[in-house]
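Here the protein sequences come in this chain order: A and B.
Those letters in the first sequence? Residues 1 to 191, per the working numbering, in order.
Those letters in the second sequence? Residues 1 to 191, per the working numbering, in order.
No residue lacks a Cβ here, since even glycine has one placed at the ideal position from N, Cα and C.
This one's a predicted model, so the numbers in the text were calculated from it and none came from an experiment.
Contents: one structure, followed by commentary.
Protein chains: 2
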Amino acid sequence: MGRWEPDARARLVRAALDLFSEQGYENTAVAQIAERAGLTKSTFFRHFRDKREVLFGGQDELAGLMTGAIAATPVEAGPLAAVEAALVATAVTFGEERLSHGAQRLAVIAGNDELRERSALKMVGFAVAMADALKARGVPELDAAVAAELGILAFQRGYDRWLEAGGDFGEIARRTLGDVRAAVQALEGGE
Amino acid sequence: MGRWEPDARARLVRAALDLFSEQGYENTAVAQIAERAGLTKSTFFRHFRDKREVLFGGQDELAGLMTGAIAATPVEAGPLAAVEAALVATAVTFGEERLSHGAQRLAVIAGNDELRERSALKMVGFAVAMADALKARGVPELDAAVAAELGILAFQRGYDRWLEAGGDFGEIARRTLGDVRAAVQALEGGE
DNA sequence: ATGAGTGATGGGACTTGGTCTCATCAACCG
DNA sequence: CGGTTGATGAGACCAAGTCCCATCACTCAT
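Right under this line is the structure:
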């Protein structure tokens, strides 16, 4: 496998993130990102499906961790326990370097509709993956969908908390899912 | 307000839907849609922000109906009752002509990633709108988010049911939300 | 009526995202 | 040392989306 400067992909991500922060997403051309990374437009699109995707790498890996954890949880534990295991399983990818870039990345996404759109699709993807994994364990369809949706809600809020405070993502996710479950109880109890 | 052939916007929607069904979304150029509608590319983009949006018109109106219904529900009724009112309130827009085009529209969306993306964003928009309306009534933040998310889940599933079976959308939505609530109970009860 | 104003449309130049094809060049292998 | 492989460069090409200006239909005041 021939290679000149290593980590072309990582260099593209870094260049994109910096340029987006400096000048905004829409004011940055793909050719410019490639240039800063010492590459060309052709190479950019060989590494990423489109301009948005440079900010969403590694999300397939997350989905795999989630479904793997659900499959590995004993069936007796119940759907929400499996979902909790799924969230905790993703913690291995939440290291120091992700923490430092995460806030920058989230700010860029928040400022652009195209990116919020892509983000929403990724979350739907997670929810579908978890729901499918639950159904494979015999969880009824609707129950699986509800559990997965609550899990994604906790995942997103846990991620926000983690970006602000740092620490162990697994622990934060567990606690946030607990908060969500408490909110569900409050909803049904209060009527 | 000068006008030649009336309903330019509606003609564009119809032309787009037909062409997307015939040849697929990605094989259809905006110029082609405009041509079939007796208009030009310029005019298309004057009516729709982008190519995707031609399939998602009127969704702002839906959000308005939802938030209006939530605001009009007595606070004592509780968040989920308000969400139910929000779903029922959208029923006024689910008439015969929407039923006939709905399945066609949904098939087109399902077959294309860009469109699934846009759809996901619209659903997030509904959820945020409902959650904000609930918070304005004093519902705690997380409770509002959970209630809104469950409502959107019911809305989507109810919409699918309605497309298959027809009938009164309000009634279907009410029933579907009931199913979701039962699933929530099963999740928490079964552990 | 007639002419000015208004709002919707046409038309075309232009930028950029994204695809495709072909040439190139570094490393590896026999 | 020559051939293969895999990543890259280069450039043509198409369609989405923006911009600007001309035009045409309709309205309204004089």
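What is the DSSP secondary structure of residue i, counted as helix, strand or coil?
i: B:Pro-79; result: helix
i: B:Thr-43; result: helix
i: A:Thr-67; result: helix
i: A:Asp-179; result: helix
i: B:Glu-114; result: helix
i: B:Arg-52; result: helix
i: A:Gly-57; result: coil
i: B:Thr-93; result: helix
i: A:Gly-38; result: coil
i: B:Tyr-159; result: helix
i: A:Arg-9; result: helix
i: A:Asp-168; result: coil
i: A:Val-139; result: coil
i: B:Glu-22; result: helix
i: A:Ala-29; result: coil
i: A:Arg-3; result: Bear in mind that the predicted position of A:Arg-3 carries a pLDDT of just 47, short of 50, making it unreliable; the figure below should be weighed with that in mind. Correct three-state label for A:Arg-3: coil.
i: A:Leu-187; result: helix
By Cβ distance below 7 angstroms, which residues in the same chain neighbour residue i in space, the five residues on each side in sequence not counted?
i: A:Pro-79; result: Leu-134, Val-139, Asp-143, Ala-144, Ala-147
i: A:Glu-141; result: Lys-135
i: B:Lys-51; result: Val-30
Grab me the residues of residue i's own chain with a C-beta within less than 6 angstroms of its C-beta, minus the 5 sequence neighbours each way, in chain order.
i: B:Ala-91; result: Phe-169, Gly-170
i: B:Leu-196; result: The requested residue 196 of chain B is not part of the displayed model; chain B covers only 1 to 191.
i: A:Met-123; result: Ile-152
i: A:Thr-176; result: Ala-154, Arg-157, Gly-158
i: A:Arg-161; result: Ile-172
i: B:Thr-67; result: Ala-129, Ala-133
Report the CB separation of residue i from residue j in whole angstroms; it is logged as a contact under 8 angstroms.
i: A:Arg-118; j: B:Glu-114; result: Not quite, the Cβ-Cβ distance comes to about 10 angstroms (not below 8 angstroms), so this is no contact.
i: B:Leu-12; j: B:Phe-44; result: 6 angstroms
i: B:Leu-153; j: A:Glu-149; result: 6 angstroms
i: A:Ala-163; j: A:Gly-102; result: In the sequence as presented, Ala is not what sits at residue 163 of chain A; that position holds Leu. At roughly 5 angstroms, the Cβ-Cβ gap stays under 8 angstroms, so A:Leu-163 and A:Gly-102 are in contact.
i: B:Asn-112; j: B:Glu-26; result: 7 angstroms
i: B:Val-184; j: A:Val-184; result: 6 angstroms
i: B:Val-83; j: B:Arg-137; result: Not really, about 11 angstroms apart at Cβ, beyond 8 angstroms.
i: B:Ala-120; j: A:Leu-39; result: Rounded, the Cβ-Cβ distance is 31 angstroms, inconsistent with contact.
Please say whether residue j and residue i have beta carbons closer to each other than 8 angstroms?
i: B:Gln-104; j: B:Ser-42; result: no
i: B:Val-88; j: B:Arg-157; result: no
i: B:Ala-15; j: B:Ala-31; result: no
i: B:Ile-70; j: B:Met-130; result: yes
i: B:Thr-93; j: B:Gly-58; result: yes
i: A:Gly-24; j: A:Ala-63; result: no
i: A:Leu-99; j: A:Gly-178; result: no
i: A:His-47; j: A:Ala-8; result: yes
i: B:Leu-55; j: B:Ile-33; result: no
i: B:Gly-189; j: B:Ala-86; result: no
Measuring from the CB of residue i, is there a heavy atom of the ligand ZN at a distance below 7 angstroms?
i: A:Leu-65; result: Absent from the structure shown: the ligand ZN. Ligands present: none.
Using C-beta distances below 8 angstroms, list every residue in its chain close to residue i, excluding the 5 sequence neighbours before and after it, in chain order.
i: B:Asp-60; result: none
i: B:Glu-97; result: none
i: A:Arg-181; result: Leu-80, Leu-150
i: A:Ala-110; result: Arg-116
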